[in-house]
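Student:
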Amino acid sequence: MDSLGTPVIARLAGAHKRYGAVTALDGVDLELRRGEVLAVLGSNGAGKSTALGLLTGRLTPDAGEVSLFGADPRAASARRRIGVMLQEARLPETLCVRELVHLFASYYPDPRGVDETLSLAGLGELGQRRYAALSGGQQRRVQFALAICGAPELVFVDEPTTGLDVEARRGFWQVIRALQTAGTSIVLTTHYLEEADALAERVVLIERGRVLAEDTPAGLKARARGARLRCVTQLSAAELAALPEVQSVDHEGSSVSIRCSDSDALVRRLLHLDPALSGIEIRPLNLEDAFLALTGDAA
Numbered sequence: 003m004d005s006l007g008t009p010v011i012a013r014l015a016g017a018h019k020r021y022g023a024v025t026a027l028d029g030v031d032l033e034l035r036r037g038e039v040l041a042v043l044g045s046n047g048a049g050k051s052t053a054l055g056l057l058t059g060r061l062t063p064d065a066g067e068v069s070l071f072g073a074d075p076r077a078a079s080a081r082r083r084i085g086v087m088l089q090e091a092r093l094p095e096t097l098c099v100r101e102l103v104h105l106f107a108s109y110y111p112d113p114r115g116v117d118e119t120l121s122l123a124g125l126g127e128l129g130q131r132r133y134a135a136l137s138g139g140q141q142r143r144v145q146f147a148l149a150i151c152g153a154p155e156l157v158f159v160d161e162p163t164t165g166l167d168v169e170a171r172r173g174f175w176q177v178i179r180a181l182q183t184a185g186t187s188i189v190l191t192t193h194y195l196e197e198a199d200a201l202a203e204r205v206v207l208i209e210r211g212r213v214l215a216e217d218t219p220a221g222l223k224a225r226a227r228g229a230r231l232r233c234v235t236q237l238s239a240a241e242l243a244a245l246p247e248v249q250s251v252d253h254e255g256s257s258v259s260i261r262c263s264d265s266d267a268l269v270r271r272l273l274h275l276d277p278a279l280s281g282i283e284i285r286p287l288n289l290e291d292a293f294l295a296l297t298g299d300a301a
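To get our numbering, take the position in the sequence shown, counting from 1, and add 2.
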């Protein structure tokens with residue numbers, strides 16, 4: 003149980019993992035609560051996939067503790083209660099989609115029906131198609147279908163929407179929400195920060211093998227502080243970057259987008275420096291802004 007009395011079903015406690023001279027995880031603490039969607043974010047090589055590898059029993063820690071449903075993640079009794087979608091998967095290419103789902107469902111004690119699984123994964127019309135004949139995005143849907151076919155209590159999805167178009171990605175979001183509503187717990191890693199913002203109740207930000215921050219998406223955005231200001235200005239990018247309130251500058255067509263610590267003070271300064279300033283638009287930071295701010299501070 004956590005401090006609020008919610009059951010904790012997966013946990014890393016002081017987890018360390020090294021690959022030769024490279025430290026992938028350096029004393030990571032992480033908890034997943036029953037019924038929540040937890041997003042694990044971080045840049046490439048931050049340690050996200052290693053954390054999932056420990057929780058799913060594919061890796062063992064060099065030090066620290068790992069538990070899954072109160073047991074060793076390698077125990078069959080714990081593993082049959084989870085579904086896993088990895089970044090890469092090697093599947094029998096000669097089998098058709100329906101055969102793959104039927105095969106993987108047979109590993110579970112009380113699986114979903116094949117037709118229900120295909121429908122949830124958006125594969126209803128592809129059941130008879132051979133896996134090798136599918137596009138990359140369709141293969142990702144099959145891999146997701148195999149992760150949920152056993153009706154697991156907990157699903158791990160590692161970069162699930164890589165290769166999917168915008169429409170398919172939004173459809174995946176709907177399925178994740180439906181699974182959570184039905185009581186499934188979900189651990190998600192993603193490079194699409196709007197995905198974490200849309201789906202996760204809690205975010206763990208890992209950088210260089212350590213937990214940098216843990217909060218709700220709204221809480222992380224509040225921690226970063228500041229705003230995003232868009233405007234049309236005659237000032238150069240170098241001149242803007244030199245201003246004390248400016249954290250980053252991006253060009254967006256004829257305008258610039260500025261992440262800043264104090265939008266009111268920056269607008270006053272810009273009006274003084276550039277009387278022709280126009281098109282001023284101010285909005286709160288999104289999760290991507292917060293991610294960049296927090297990881298930039300850590301660096």
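Here a beta-carbon is modelled for each residue, glycine too, at the ideal position from N, C-alpha and C.
What is the DSSP secondary structure of residue 301, counted as helix, strand or coil?
Tutor: Numbered from 1 along the sequence shown, position 299 holds the residue referred to as residue 301. Note that residue 301 scores 43 on pLDDT, short of 50, meaning its location in the model is unreliable and no value can be drawn from it.
Student: Does DSSP put residue 214 in a helix, in a strand, or in coil?
Tutor: On the sequence shown, residue 214 is found 212 positions in, with the first residue counted as 1. Strand at residue 214.
Student: Between which residues of its own chain and residue 300 is the CB-CB distance below 7 Å, once the five residues before and five after are set aside?
Tutor: Counting from 1 along the sequence shown, the entry for residue 300 is found at position 298. For residue 300, the pLDDT reaches just 46, beneath the cut-off of 50, and the residue's location in the model is therefore unreliable, although a value from the coordinates is still provided. Excluding positions up to five away in sequence, the list reads 209 and 214.
Student: Can you give the beta carbon distance from residue 245 to residue 276, rounded, assuming they're within the 8 Å contact cut?
Tutor: Here residue 245 refers to the residue found at position 243 of the sequence shown. Here residue 276 refers to the residue found at position 274 of the sequence shown. Not confirmed; about 11 Å, so no contact.
Student: Closest to residue 122 by C-alpha separation, out of 98, 102 and 174, would be which residue?
Tutor: Walking along the sequence shown from the start, residue 122 turns up at place 120. The option with the nearest alpha carbon to residue 122 is 174.
Student: What number of angstroms, rounded off, separates the C-alpha of residue 95 from the C-alpha of residue 187?
Tutor: The residue labelled residue 95 in the question sits at position 93 within the sequence shown. The residue labelled residue 187 in the question sits at position 185 within the sequence shown. The alpha-carbon atoms of residue 95 and residue 187 are separated by roughly 30 Å.
Student: Any idea if residue 265 is buried or exposed, counting beta-carbon neighbours within 10 angstroms, 16 or more meaning buried?
Tutor: Working through the sequence shown from its first residue, we reach residue 265 at position 263. By the 10 Å Cβ count, residue 265 comes out buried.
Student: Once DSSP output is grouped into helix, strand and coil, what is the label at residue 285?
Tutor: Translated into the one-based positions of the sequence shown, residue 285 becomes position 283. Strand.
Student: Please classify residue 121: does DSSP put it in a helix, a strand, or coil?
Tutor: Here residue 121 corresponds to residue number 119 of the sequence shown, with the count starting at 1. Correct three-state label for residue 121: helix.
Student: Less than 8 Å separating the beta-carbons of residue 32 and residue 20?
Tutor: In the sequence shown, the residue the question calls residue 32 occupies position 30. In the sequence shown, the residue the question calls residue 20 occupies position 18. No.
Student: Just curious, the beta strand (DSSP E) that residue 158 is in, first and last residue?
Tutor: By one-based count along the sequence shown, residue 158 stands at place 156. Where residue 158 is concerned, the enclosing beta strand (DSSP E) stretches over 156-160.
Student: For the segment 76-161, list the alpha helix (DSSP H) runs that are entirely contained and at least 4 residues long, ordered along the chain.
Tutor: With a minimum length of 4 residues, the continuous alpha helix (DSSP H) runs that stay inside the segment 76-161 are 78-81, 99-107, 116-122 and 138-150.
Student: Rounded to whole angstroms, how far is the Cβ of residue 201 from the Cβ of residue 43, which I believe are closer than 8 Å?
Tutor: Within the sequence shown, residue 201 is the residue found at index 199, counting from 1. Within the sequence shown, residue 43 is the residue found at index 41, counting from 1. Not confirmed; about 12 Å, so no contact.
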